[in-house]
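Asks: In the working numbering, the protein residues as written are 247 to 557.
All C-beta atoms, glycine included, are put in the ideal place defined by N, C-alpha and C.
Being a predicted model, the structure only gives us computed values, none of them experimental.
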Amino acid sequence: MESWCNALWKKWERVEARFRQIRGLRITLCPEMKCFTTFRIGGQALALLDVQNDEHLEEVVALCEENQIPWRILGRGSNILVSDSGFKGIVLRLRGDFTDLKRLDESRVEIGAGALLKKAVEFCIQHELGGCEFLFGVPGTVGGAVLVNAGCFGGEIGNLVERVLWRNEEGQKEWKDQSELCFSYRYSNLKRKNTVILRVVLKLFPQATERSWEMVGTFSSLRKSAQPLEWPSAGSIFRNPPGYYAARLIEEMGFKGLRLGQAQVSPKHANFIVNLGGATASQVEGLMEWIRREVYRAKGILLENEVEVWK
Ligand SMILES: Cc1cc2nc3c(=O)[nH]c(=O)nc-3n(C[C@H](O)[C@H](O)[C@H](O)COP(=O)(O)OP(=O)(O)OC[C@H]3O[C@@H](n4cnc5c(N)ncnc54)[C@H](O)[C@@H]3O)c2cc1C
């Protein structure tokens, strides 16, 4: 355990027994975050807790807050860069009840925020519901996708969302319907400190299963030809500035293939930084800062992170 963790570790030792009393809660101590992110980068966190139901979530959050232990929700870890010194707190994953998939009626499904998008799309297709095929290849959870309004191929998950059950800043569970939700490019008004998306209702439309699988096939081929899926990454590193594509700006600078240690600007897609094996977060951040500075110097456009950095 790193030295930063000494004070936090002492706190943990004082309350560990209380966490261990929570029946069915899976606890992994000092998880290497590189094992839980698609970038395969990141030092240790204090603990990783797999919460299976509402009771777990409430008890865990109450214990963390009572003891001033920072906590965060981890989805699939596909949009984060965890620092080399790790995350100074507890990481919670939504499992069990939070991965349920339910068909509500002829056009709507209710999905637990911890479910993988791929599973959710498969479920909808099996129920002859169409409209979400573009999300099949986004390697995150439903909660993570709704939080940042994930999108591709001209679609965004926010356009499908009818209602969201969340745990708000005051710790209350409430449904928010369309009129209270606000989605725009990689943004939702659900992104606030210590809030948790719990369940999501999507509105789709009837569509033959074969047609949906055909669309998934087309989107998957497009993704495979455009993105370096053979290497660990966190997807697009920078947001597209208004009126521009970040990938094009970086490519125009001649940065494709640029390397810092084992972190490389993908030769296939300039807005992806890939981990060639053993890359560190500081190498990725170094490359990001270099790109940001040079693009700003040459074009006067400041690139903002799409990837979220956890320290
Ligand atoms: C190869 C590759 C391709 C990608 N392609 C796309 C793409 O086409 N379009 C796109 O938009 N993105 C893409 N991404 C990025 C990423 O998959 C999405 O941003 C995804 O929505 C992140 O979901 P996650 O579950 O992995 O979230 P994480 O990365 O685990 O977390 C991201 C943020 O969401 C928060 N969070 C997660 N779950 C919850 C919850 N239930 N409640 C509250 N907060 C939560 C986390 O605390 C964190 O702040 C790609 C990534 C990769 C690696």
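Look at the alpha carbon of N440 and the alpha carbon of S512, and state the distance between them as a whole number of angstroms.
Replies: The count along the sequence shown starts at 1 and reaches residue 440 at position 194. The count along the sequence shown starts at 1 and reaches residue 512 at position 266. Using only the alpha carbons, I get a separation of about 33 Å.
Asks: Which partner residues does S434 have in the DSSP bridge list?
Replies: Stepping through the sequence shown from its first residue, residue 434 is reached at position 188. Partner(s): F429.
Asks: So, G323 versus G289, is the Cβ gap smaller than 9 Å?
Replies: Position 77 of the sequence shown, counted from the start, is the residue given in the question as residue 323. Position 43 of the sequence shown, counted from the start, is the residue given in the question as residue 289. Cβ distance not < 9 Å, so G323 and G289 don't count as in contact.
Asks: Measure the C-alpha to C-alpha separation of L475 and R260 and round it to an integer number of angstroms.
Replies: Locating residue 475 in the sequence shown gives position 229, where the first residue counts as 1. Locating residue 260 in the sequence shown gives position 14, where the first residue counts as 1. Between L475 and R260, the C-alpha separation is close to 43 Å.
Asks: Taking the alpha carbon of G507 as the point to measure from, which residue in A525, D351, E312 has its own alpha carbon closest?
Replies: Counting from 1 along the sequence shown, the entry for residue 507 is found at position 261. Minimum Cα distance to G507 is reached at A525.
Asks: Kindly confirm or deny that the stretch 374-387 and the stretch 413-433 touch, where touching means at least three C-beta pairs closer than 8 Å.
Replies: Taking 8 Å as the limit for Cβ pairs, the verdict is that the stretch 413-433 does not touch the stretch 374-387.
Asks: Is there contact here, the stretch 328-346 with the stretch 358-366, by at least three beta-carbon pairs under 8 Å?
Replies: The stretch 328-346 is in contact with the stretch 358-366.
Asks: In this structure, how does DSSP classify C276 when only helix, strand and coil are distinguished?
Replies: Taking the first residue of the sequence shown as 1, we reach residue 276 at position 30. Of the three classes helix, strand and coil, the one that applies to C276 here is coil, per DSSP.
Asks: Can you check DSSP and say which residues form a bridge with C563?
Replies: This structure does not reach residue 563, given that the chain is present from 247 up to 557, and the question cannot be answered.
Asks: Can you give me the start and stop residues for the beta strand (DSSP E) that G532 sits inside?
Replies: Taking the sequence shown and counting its residues from 1, one reaches residue 532 at position 286. Segment 527-545 is the alpha helix (DSSP H) holding G532; no beta strand (DSSP E) there.
Asks: Within 8 Å: the Cβ of C398 and any heavy atom of ligand 1?
Replies: Taking the sequence shown and counting its residues from 1, one reaches residue 398 at position 152. Under cutoff, so the answer is yes.
Asks: Assess contact between the stretch 479-496 and the stretch 295-313, defined as three or more Cβ pairs (one per stretch) separated by less than 8 Å. Is contact present?
Replies: The stretch 479-496 is not in contact with the stretch 295-313.
Asks: What residue from T464, R438, D351 has the CA that sits closest to G417's CA?
Replies: Locating residue 417 in the sequence shown gives position 171, where the first residue counts as 1. Nearest C-alpha to G417: R438.
Asks: DSSP three-state call for M247: helix, strand or coil?
Replies: If you number the sequence shown from 1, residue 247 lands on position 1. Unreliable positioning characterises M247 in this predicted model, as indicated by a pLDDT of 49, which lies under 50. The coordinate reading is nonetheless provided below. M247: coil per DSSP, three-state reduction.
Asks: Using the three-state DSSP reduction, which class does R269 fall into: helix, strand or coil?
Replies: One-based indexing of the sequence shown puts residue 269 at position 23. Three-state result, R269: coil.
Asks: Output the distance between the C-alpha atoms of M247 and L275, rounded to the nearest integer angstrom.
Replies: Residue 247 sits at position 1 when you count from the first residue of the sequence shown. Residue 275 sits at position 29 when you count from the first residue of the sequence shown. Below a pLDDT of 50, predicted positions are generally treated as unreliable, and M247, at 49, falls in that range; no measurement from the model is reported.
Asks: Give the secondary structure of A492 by DSSP, where H, G and I count as helix, E and B as strand, and everything else as coil.
Replies: On the sequence shown, position 246 is the one that residue 492 refers to. Helix at A492.
Asks: Under the criterion of a Cβ to heavy atom distance below 8 Å, does R264 qualify as lining ligand 1?
Replies: As a working note, residue 264 is residue 18 in the sequence shown. Checking every heavy atom of ligand 1 against the Cβ of R264, none is found closer than 8 Å.
Asks: Could you tell me which residues DSSP puts in a beta bridge with D423?
Replies: Residue 423 sits at position 177 when you count from the first residue of the sequence shown. Paired residue(s): R409.
Asks: So what does DSSP say about V520, is it helix, strand or coil?
Replies: Here residue 520 refers to the residue found at position 274 when the sequence shown is read from its first residue. It is a strand residue.
Asks: Count the other CB atoms within 10 Å of the CB of N252; is the residue buried (16 or more) or exposed (fewer)?
Replies: Counting from one through the sequence shown, the residue named residue 252 turns up at place 6. Classification of N252: exposed, given that the 10 Å Cβ count is below 16.
Asks: Report the start-end ranges of each beta strand (DSSP E) in the stretch 307-356 that is 3 residues or longer and not cut off at the edges.
Replies: Taking only runs of at least 3 residues, the beta strand (DSSP E) segments lying wholly in the stretch 307-356 are 317-320, 326-328, 333-340, 347-349.
Asks: Is there contact here, the stretch 438-458 with the stretch 402-417, by at least three beta-carbon pairs under 8 Å?
Replies: Counting Cβ pairs under 8 Å, three or more are found: they touch.
Asks: Taking the alpha carbon of V541 as the point to measure from, which residue in L522, Y490, V530 has its own alpha carbon closest?
Replies: For the purposes of this step, residue 541 is taken as residue 295 along the sequence shown, with counting starting at 1. When each option's Cα is compared against that of V541, the closest is Y490.
Asks: Cβ of P277 within 8 Å of any heavy atom in ligand 1?
Replies: Reading the sequence shown from its first residue, position 31 is the one you call residue 277. No, the beta carbon of P277 sits no closer than 8 Å to any heavy atom of ligand 1.
Asks: Using alpha carbons as the reference points, say which of V520, E415, W536, W317 lies closest to L292.
Replies: The count along the sequence shown starts at 1 and reaches residue 292 at position 46. That would be W317, whose Cα lies nearest to the Cα of L292.
Asks: Where do the N-terminal and C-terminal ends of the beta strand (DSSP E) with R445 fall, by residue?
Replies: As a first step, residue 445 is located in the sequence shown; it is residue number 199 there, counting from the start. Here the beta strand (DSSP E) through R445 covers 442-449.
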